[in-house]
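Numbering (UniProt numbering), first residue to last: 1 to 124.
Ideal Cβ placement from N, Cα and C applies to all residues, glycine included.
Working notes, structure below.
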């Protein structure tokens, strides 16, 4: 049984305009009835839930659209690239944490006075 866009939005916890936008950019495929009304059946709702999950883990809408490609190799390529980007971000943030921990405990008043502070270098 199909439901309306308002009912689908409520179930998914998003606004109806978000679902329209996802459809517009190709991240969501929604069927319409004879009067042009959008029909959200089980499959479309599952597709929308997948979009939500991918957005929550950091994929942009273009990345989501590509990751939902029917061609598995194309989808895997997008996901692998996102994994690499996230891993790089984790490394960068870990280096920042290490540096900040040092500055909290550093006995020098100014960072340029500390030879150890100069050794902290990371890719932004």
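Per DSSP, what are the beta-bridge partners of residue 38 in this structure?
32
The alpha helix (DSSP H) with residue 97 in it runs from where to where?
72 to 105
If the criterion is Cβ atoms closer than 8 Å, does the pair residue 9 and residue 2 meet it?
no
Check the DSSP bridge columns for residue 5 and list the partner residues they point to.
According to DSSP, residue 5 bridges with nothing at all.
Assign residue 57 to one of three DSSP states: helix, strand, or coil.
coil
Answer yes or no: do residue 30 and residue 38 have a C-beta to C-beta separation smaller than 8 Å?
yes
If you reduce the DSSP assignment to three classes, tell me which class residue 117 lands in.
helix
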